[in-house]
Amino acid sequence: MILSTIPRRARLARRRAQAGFTLIELMVAMVVSAIVVLGVYAFSTIQQSTAGLHERNVRVQQALEGAMWTMAQDVRSAGLGFGRLCSELRVYDAAGGRLINPGAVAAPAQAYLDQVTNEAYWVLRDGLQAHWNSSVGASMVGTLNRSSDPNSVADSFDVILAEAAYTDSYGVFELSAVVDPADGYLVVEGSGMLDNNDPNHVAQVQQLFPPGSFFLLSRTPAAATNPMRPDFQGQCPLLQVTGDVVAEPGNVRQWRIPISGAVSGFDGDVATLLDTSLDVPDWGPAQDAQPGASIIPLGRLRWSRYEIDYTYPAVPYLVRYDIIGYVEGVDPNGLGGTDYPHCQAGQCTAAQLHLPGSANPPAAVAVGPMIEDMQVAVGCDGWTAANVGNASPPLPVPDPGFEDNGPAVGATAGQPNLQVDENPSGNQRDSDEWIGNARNELRAPDCVYHGTAERDPAGWVGVEGDQNPPPSFRMSPQMIRITLVGSSETAETAGGLATLQLLAVEDRAPINSPVGVRQRFTLTEVFSPRNLRWRDPAVP
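Pasting the structure below:
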């Protein structure tokens, strides 16, 4: 009997082993599995969220750094090719039939003003012009949805630069004869080492003046004249090459540079461009546009404006407008009968003038997305009547009220300095060596926010106001500080670092952002373009 039960027990054991998990065991397994899966999911979600936030922040930082890098390339080259040679560029606007540089008119009230900023084009004198307004209201977008609008609390700036490769060509060529506007060309004389009968020399000169490039007529500094002094410089007419340079018959050292008004608006009225009847200190018949004037090749000159486009306020873009730049389908092309480094024969283009508000305004080129704000401050060195005599040659004595008074407090209180810096000034931030950095700025003791005023300062006050009265001697900006504020395109929940308000920067008070609640990043850089310095380099 006992023996007969063994197989039966074995069979029952085998059946239980084949029966699988019980319901309780299955439920326990499911609970454990759910806990594990939920843990893994939670960890994965946290990681994805963290990665998403990191990626978003990286995009914002890349947008800021990329935008600043792009602007920095231009700012560092501001004034390149003319900043140390000319009191300002004389530029002819064919569409308007006028000269647009401030020094081209007898009275400030006659000067052409930008249709957006409502300012004269002092960038043609300095190579750099910041548009700031420390007394506007509380609107980022203004009335024109752009930061160059005077009603916007955001800022913009203009910059002009040429090609660095051309700046060593100063003095190689001189104007050989008085320019006859009817000729469509001017005759220049070069070095005795150049022979226009030599095909190789012809090719070399052609490469220096390719079609579509620009050049200047510059007053040649007299002997023993410091070329860094703007009161000894003259206005430089800006002309554009419209074809291939050819040899001038009868003189192996002379060349013809084509300047056809039928092709380029810059050459549209050479008689007006070279008219010296105004006879003012930096433009007159005795020294300007006369035989012997230096021919300065500039290459592909560009005049750009950087500003923020608020067309879609929730998606602001930092953009660049090329006021002198090539617009396909509008500007001349098909120039040149030989090959050049930047264009083949018959394919050279000629960038033209596209003034804001004109029939052919400049087109926007995107630089950086989600740049909510740009603030610009300009630094100018100062001096006092007591120390100008230490310079060689002596600097002009500053006008009363425009001296550098030194810091208000500290170990050097009341001691003027000769470097652009932000000394402690107590509550007088509006009286330091920066302009555009204080609310309701009443004066700038070291420099002025608008141009030369080398003549008729009272007249310029009448045009641009007396908030910052101009001295009789214009000193160019020597430093520029640019601050960008950026955020992501993704909406965020208020709290922590995410806020609706843009914190105060430079002369802009705290203000609500049109973008909405965001976590924001700020990037600031200071630039010192050496091309802008009118000062004697011996002065610290």
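Going letter by letter, the sequence shown gives residues 326 to 865 in this note's numbering.
The beta-carbon is built from N, C-alpha and C at its ideal position, and this holds for glycine as well.
Where do the ends of the beta strand (DSSP E) carrying residue i lie?
i	result
R845	Where R845 is concerned, there is no enclosing beta strand (DSSP E), given that its DSSP letter is neither H nor E.
D886	The requested residue 886 does not occur in the structure, where the chain is confined to residues 326 to 865.
Q565	G559 to Q565
M804	M804 to G811
A816	Per DSSP, A816 belongs to no beta strand (DSSP E) and is neither H nor E.
G704	I696 to G704
S460	Taken as a continuous stretch (DSSP letters only), S460 belongs to no beta strand (DSSP E), as it is neither H nor E.
F539	F539 to S543
L500	F498 to L500
Helix or strand or just coil, what does DSSP make of residue i?
i	result
L348	helix
E380	helix
N837	strand
Y437	coil
P770	The predicted position of P770 is uncertain, since its pLDDT is 42 and thus under 50; a value taken from the coordinates is nonetheless stated next. Here P770 sits in coil by DSSP.
E413	strand
S853	coil
L678	strand
I371	helix
L389	helix
A572	strand
W759	strand
V512	strand
G693	strand
G784	helix
I425	coil
A445	strand
Y651	coil
A823	strand
V830	strand
Q398	helix
L660	strand
P552	Confidence at P552 is low in this model, with a pLDDT of 48, below 50, so its placement is unreliable and the value that follows should be read with caution. P552 falls in the coil class under three-state DSSP.
Our contact map puts residue i next to residue j with C-beta atoms below 8 Å; I'd like the distance itself, whole angstroms only.
i	j	result
E514	F498	7 Å
R833	V478	5 Å
E817	Q844	6 Å
Q560	S412	6 Å
P536	G586	That belief does not hold up - the Cβ atoms of P536 and G586 are roughly 15 Å apart, past 8 Å.
T468	H456	Wrong, their Cβ atoms sit about 15 Å apart, outside the cutoff.
S906	R401	Residue 906 falls outside the range modelled here, since the chain spans only 326 to 865, and no answer is possible.
I836	L827	5 Å
N762	E831	5 Å
A434	G787	7 Å
R415	Y437	Actually they are not in contact, since the Cβ atoms of R415 and Y437 sit about 12 Å apart, beyond 8 Å.
G650	P687	7 Å
P681	D439	6 Å
Over the uninterrupted alpha helix (DSSP H) stretch that includes residue i, give me the two end residues.
i	result
A528	P524 to L533
R450	V448 to D451
Quick check: is any heavy atom of the ligand MG less than 7 Å from the C-beta of residue i?
i	result
G568	Ligands in the displayed structure: none, and consequently the ligand MG is not present.
*Just checking, does the stretch 564 to 584 make contact with the stretch 469 to 489 on the three C-beta pairs under 8 Å criterion?*
The answer is no - the stretch 469 to 489 does not touch the stretch 564 to 584, with fewer than three Cβ pairs under 8 Å.
*alpha helix (DSSP H) runs contained entirely in the stretch 578 to 647, provided each spans 4 or more residues*: Counting whole runs of 4 or more residues, the stretch 578 to 647 contains the alpha helix (DSSP H) stretches 595 to 598.
*Please determine if the stretch 694 to 707 and the stretch 386 to 394 are in contact, where contact requires at least 3 C-beta pairs separated by less than 8 Å.*
Remark: three or more beta-carbon pairs, one from each stretch, lie closer than 8 Å, so the stretch 694 to 707 and the stretch 386 to 394 are flagged as touching.
*Counting Cβ pairs, one atom from each stretch, are 3 or more of them under 8 Å apart for the stretch 663 to 681 and the stretch 604 to 621?*
Touching, no, given that fewer than three Cβ pairs across the two stretches are closer than 8 Å.
*Is it a yes or a no for the stretch 500 to 520 touching the stretch 609 to 617, going by three-plus beta-carbon pairs under 8 Å?*
Yes: at least three Cβ pairs fall under 8 Å.
*Evaluate the contact criterion for the stretch 684 to 692 versus the stretch 638 to 649: three or more CB pairs, one atom per stretch, below 8 Å.*
The way I'd put it, the stretch 684 to 692 does touch the stretch 638 to 649; three or more beta-carbon pairs between them come closer than 8 Å.
*asked:* Quick test of the definition: if touching needs 3 or more C-beta pairs under 8 Å, does the stretch 577 to 588 touch the stretch 513 to 527?
replied: Using a Cβ-Cβ distance cut-off of 8 Å, the stretch 577 to 588 and the stretch 513 to 527 are in contact, since at least three pairs of beta carbons, one from each stretch, lie closer than that value.
*Can you find at least 3 beta carbon pairs, one from the stretch 425 to 436 and one from the stretch 446 to 458, that sit closer than 8 Å?*
Verdict: yes, contact present.
*Are the stretch 626 to 642 and the stretch 835 to 843 in contact at 8 Å, needing three or more beta carbon pairs?*
Pairwise C-beta distances place the stretch 626 to 642 in contact with the stretch 835 to 843, as three or more of them are shorter than 8 Å.
*Would you call the stretch 398 to 410 and the stretch 618 to 626 touching, i.e. three or more CB-CB distances under 8 Å?*
Verdict: yes, contact present.
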